[in-house]
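In this text, residue positions in the sequence shown follow this note's numbering: the first is -14, and each later residue adds one. Yeah, the Cβ is synthetic: ideal placement off N, Cα and C, and Gly gets one too. No experiment lies behind these values; they were computed from the predicted model shown.
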Amino acid sequence: MSGELELLRQKRAAELRRKMLESKNRPATSQPLPPKPTPKEIVRRSLVGRGIEVLETARRQYPSEIAVLEENLAKLIEQGRLKGPISGEELYSFLQRAGLQFSMNTKIRIAEGGELKSIEEKLRGQSDE
């Protein structure tokens, strides 16, 4: 009985050794590497607030310049030289200083009575009274 048990253990150990050798010899293709993020994705992850809106507005007017800028910003972010989130205001100011002049669609709204009103609606409401 113990001889049979010992024989089973040896067979199992030999099978485990064989599987280990096969797995070592087999290339590590079982787990594909995740695709490397594009510079655009890297920069977008760092933007907060209206940052994405500012970037897309600038891209419509300066597509090639923004592509180069994104590559450089992505390199700085990956190297750790540019830390923290980038707000829309900071990005807009940076682009202005870099010579990319563009205007943002801006709306001023006033909160009154639990609802947002434009300046036009606010002034119209005052003149009706």
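Close CB contacts of residue 28 within its chain, under the 6 Å cut and outside five residues either way in sequence, are with 55, 58, 59 (chain order). Taking a contact to require three or more Cβ pairs closer than 8 Å, the segment -2 to 12 and the segment 23 to 41 do not qualify as touching.
When 43, 80, 95, 31 are compared, the shortest CA-CA separation from residue 66 is found for 31. Residue range 94 to 97 is occupied by the beta strand (DSSP E) that includes residue 94. Annotation for residue 68: no alpha helix (DSSP H) segment contains it, and DSSP assigns it neither H nor E. By a beta-carbon distance limit of 8 Å, residue 43 contacts residue 80. Their separation comes to about 6 Å. Out of 35, 101, 98, 97, the CA that lies nearest to the CA of residue 90 is found in 35.
Each of 71, 88, 61 was checked against the Cα of residue 45, and the nearest Cα belongs to 88.
For residue 102, there is no enclosing alpha helix (DSSP H); the residue is found in the beta strand (DSSP E) stretching over 100 to 103.
By the criterion of a C-beta distance shorter than 7 Å, residue 50 is surrounded in its chain by 85, once the five residues flanking it on both sides are discounted. Residue -6: member of the alpha helix (DSSP H) spanning -13 to 10, first to last residue. Non-local beta-carbon contacts of residue 62 in its own chain, meaning distances under 6 Å to residues more than five positions away in sequence, involve 27, 31 in chain order.
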